[in-house]
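Taken in order, these protein sequences are the chains called W and F.
Adding 175 to a residue's 1-based position in the first sequence gives its number in this note's numbering.
Adding 33 to a residue's 1-based position in the second sequence gives its number in this note's numbering.
C-beta: ideal position from N, C-alpha, C; glycine also.
Remarks on the structure that follows.
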Amino acid sequence: MEKVLTGIVVEVKARSCIILTPDAQFREIPLPAGGARPGEEVSFSFRRRPVYWQSLLVAASLLLILGAGLFYRGWLNQAVAFVSLDINPSVEMALDRRELVCQARGLNAAGKDLLSRVPVLGLPVEKAIDSLLDRAVQSRYLQPARNNVILTTIAAGNGREPAPQAREIYQVIVRSLSSAGVPAEVVVETAAPEMRRQASKLGLSTGRYLIHVEGKKKGLNIGLEELKKEKISSLEQKKGVTIKEVLGKHGYSGWVPAPKAVENNRSLPGAVKDTAGSRVQERVSPPQGKASRVDHRSGAAVQEPAAPAERVTPGGDRELPGRGEGAAERQDCARQVEVKVKNVIIQDEPPADRLLPGRRQGGRM
Amino acid sequence: MVLPVGNIENLLALARAGDGTAREQLLAECRPFITRVTAGLCRRHLEWGYDDELSIAFMAFNEAIDRYEEDRKVPFLAYARLLIKSRLTDYLRKENRVSAHMAGSLNSELEEMSAFSLESSRAWGEYLDREAAREREEEIREYAAMLAEFGISFSDLVRCAPRHRDARQVLLHVSRRLAGDGALFEQLVRTGKLPIKELSLLTGVHRKTLERGRKYIIAMALLWHHCQEYLYLCHYLKASGKGE
């Protein structure tokens, strides 16, 4: 592209000349070939670098796409929900918008140890929980003979983004435990973002802080130091209450018993997972007693829709302190749960005719 | 005093189109110009009604109205000046020849013919171009000298003349107001300094802007004010209409 500058020469220098242009500009230009005299009208063409608009547009578009992609990636990878898992190892996982684990941290030494053995980053939350429970069993944090308690808390990051459903998490844990053949009391609770922030400030998991808060409401004296040091199962024994009772039946809770056959024969908890026919017998407590639960988005209490759940009742050989129910009630519960297991919860389990006969009786409910 | 060049151009166009009144008016308005040019050539004081040179110059100016060629890119007044110069030279030569003839010269007729043919031929065009170039160069030299009196060089103007069209138009407007205001221009010439405060009040342009374009304003104001002397430069700026 060329721009022609025309003007009268007003001064001649060694290699340049100054011109006065018709629009009253004084410009210095290179001396034309053959020289110039003052008063002479000369023209000079400025060569401008051609601007390749198409290339510029393509580059701008690419930059825009790249920027948008990075922004979208950042937006996707932003932590929007937190799932804390209290076995004895306590861990907390941050989930992005796709419900993939984007951050994970151990809330105590055992939690850190567990996370160092299980790479959960980038996994879907269900898979991450499954892996953590599997490793907890292998590392003997969860043992068949113990009074196992798994408290899981789901908290939204800022209350605006949807968090994983407690029911789904509950089912994942139940499936994982049943395939591992480890009995455990499973409690899945939801918590407001503010609750999680308070818990973090105090150095507790959200679940443990929830126990403290709800226990206080119910007149139980469960101190923060106690919560930091004690296992949840120990606390249950010490205080003579179950976690489900303390937490006021907000979320989902139940007892996952170990299959008898497996309990009698297996040597390692991890080996149980291979017995695909292991049958889960669980009791899922409905959100009864307290008809509302905390909404992730607003932190406010909302009406809980009818949940297909049963009350928690530990098995006879895992009688929790303060629990003494009659055999008739147990039988009744066993029947109810068996129906539920068939129809609702474990739909991907093998058909009932493939299950071990001892499990179908449900005598240990 | 700034010449009403716009008026002259309008009157010239009308006169060339056959408007006798416009021609009369143009001749009347340009009488001071004719006087100054003739006196400069004759190097003496001249008076209308007494000196033949003024009559010759007046007739030459009238002839210039008809013969002016816009394509030559020579301002009308410069063209008229050249024609006056030519006619006066012829007149003076003739006067000398008459004197010589009376003294016994025999070649007067041939010389007269030769002079006429030179003027009417292509050589006249070449002469005109050459003279115009010479006058233009001289004019620029005089302009540079005048700028130097105010401590301004063309290199300074290259540096301080605004590149942006709007900014330049603002300063050109200020310079025209300065050139047209007798008191302010006299103050500029007397002190050699731009009356920034007064100009700011007069034009409404911020004093910082005036200070930044001080040299450019002075240079252009001098050009506008002495437009009668710097016919070529003024005409060049006016021809585009952008220097106004």
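Under the three-state reduction of DSSP output, W:Ser265 falls in the strand class.
Not flagged as an interface residue toward chain F: W:Leu206, since no C-beta distance is shorter than 8 Å.
Listed in chain order, the alpha helix (DSSP H) elements of length 4 or more contained wholly in the stretch 223-261 of chain W are 228-252. DSSP places F:Leu270 in the helix class (H, G or I) of the three-state scheme.
DSSP lists W:Ala269 as the beta-bridge partner residues of W:Gln278.
The distance from the Cβ of F:Tyr265 to that of F:Glu168 is about 7 Å, consistent with a contact at the 8 Å cut-off.
Looking only at W:Val388, W:Pro299, W:Asp309, the smallest Cα-Cα distance to W:Arg292 is reached by W:Asp309. Taking the Cβ atoms as the reference, W:Asn323 lies roughly 13 Å from W:Ser428, outside the contact range of under 8 Å.
Taking each of W:Ala366, W:Glu389, W:Ser265, W:Lys404 in turn and checking the Cα distance to W:Leu422, the smallest one comes out for W:Glu389. Ranked by Cα distance from F:Ala61, the options F:Phe94, F:Leu74, F:Cys75 are led by F:Phe94. For W:Gln229, the number of other beta carbons within 10 angstroms of its own is below 16, and it is reported as exposed.
With respect to the C-alpha of F:Ala111, the residue from F:Glu159, F:Ala165, F:Met92 having the closest C-alpha is F:Ala165. The bridge partners DSSP lists for F:Phe218 come to none.
With respect to chain W, the C-beta atom of F:Leu116 has no partner C-beta closer than 8 Å. Between the C-alpha atoms of F:Val107 and F:Ala46 there is a straight-line separation of about 15 Å.
Straight-line measurement puts the Cα of F:Trp257 at about 18 Å from the Cα of W:Ile194. Residue environment for W:Ser259: buried (at least 16 other C-beta atoms within 10 angstroms of its C-beta).
A Cβ-Cβ distance of about 4 Å is found for the pair F:Ser208 and F:Met253, placing them in contact under the 8 Å criterion.
The residues Met370, Gln373, Ala374, Leu377, in chain order, have a CB closer than 7 Å to that of W:Tyr384 in the same chain once the five nearest residues on each side in sequence are set aside. By the criterion of at least three beta-carbon pairs nearer than 8 Å, the stretch 267-282 of chain W is in contact with the stretch 294-311 of chain W. Per DSSP, the beta bridge partners of W:Glu216 are W:Ile183. An exposed status is given to F:Ala216, since fewer than 16 other beta-carbon atoms sit within 10 Å of its beta-carbon. Each of F:Leu204, F:Ala212, F:Asp214 was checked against the Cα of F:Val238, and the nearest Cα belongs to F:Leu204.
Residue burial is scored here from C-beta neighbours: F:Ser188 has fewer than 16 other C-beta atoms within 10 angstroms and is therefore classed as exposed. Every alpha helix (DSSP H) stretch that sits fully inside the stretch 301-363 of chain W and reaches 4 residues is listed by chain position as 341-355.
By the criterion of a C-beta distance shorter than 8 Å, F:Trp81 is surrounded in its chain by Arg64, Thr68, Leu87, once the five residues flanking it on both sides are discounted.
Membership of F:Pro65 in the alpha helix (DSSP H) is indicated by the continuous run 64-75.
No Cβ of chain F is located within less than 8 Å of the beta carbon of W:Leu180. In the structure shown, the three-state DSSP call for W:Pro368 is helix.
Not one beta carbon of chain F lies nearer than 8 Å to the beta carbon of W:Phe219.
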